[in-house]
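Take a look at the structure set out below.
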Amino acid sequence: MHLLVIHNLPKMYTKFKARWLEEQTKNDLNVSNNNQSEEKKHIIPIWQRVNIDGLTPLSLAAQLGQSEMFSFLLDERKITQWCYGPVSCVLYPLDQLDIGFENEVYF
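Residues in the sequence shown are numbered from 384 upward in steps of one, following our numbering.
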């Protein structure tokens with residue numbers, strides 16, 4: 384996912400994410416069909432995984448200044464609360480952008 388951000392390939396990002404979700408669904412069905420009593424492992428979604436620098440694909444796009452890819456990733460994650468004609472209330476989850484700021488002290 385990080386390489387797709389670096390090379391500014393939003394269409395490939397969408398296809399890769401869809402394929403990953405498809406495989407996860409198959410794996411979840413196989414586990415439930417086998418009636419295994421093991422606890423379901425918590426798998427971090429591929430679009431939330433961090434690279435060696437601790438950056439998610441969204442934060443990497445911001446750091447690299449990839450405005451097209453950054454806008455694409457933000458639009459992908461947005462949640463529309465309500466629409467009334469041409470006016471909409473949209474929420475953008477910014478949790479992946481605040482990764483490096485929690486330990487810094489500001490005076």
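No residue lacks a Cβ here, since even glycine has one placed at the ideal position from N, Cα and C. The structure displayed is predicted, hence computed values, not measured ones.
- For the segment 435-481, the full-length beta strand (DSSP E) segments reaching 3 residues or more read 462-467, 470-474 along the chain.
- Between the beta-carbon of ILE429 and that of TRP465 there is about 30 Å, and that puts the pair past the 8 Å contact cut.
- In this structure, DSSP gives LEU412 a helical state, which the three-state scheme calls helix.
- Scanning its chain for C-beta atoms nearer than 7 Å, with the 5 sequence neighbours on each side dropped, one finds around HIS385 the residues ASN434, PRO440, LEU443, in chain order.
- When only Cα atoms are considered, LEU447 and LEU456 end up about 14 Å apart.
- Selection MET452, CYS472, ARG432, GLU405 evaluated against ASP478 yields ARG432 as nearest (Cα-Cα).
- Counted as a single uninterrupted DSSP element, the alpha helix (DSSP H) harbouring ILE389 occupies residues 385-389.
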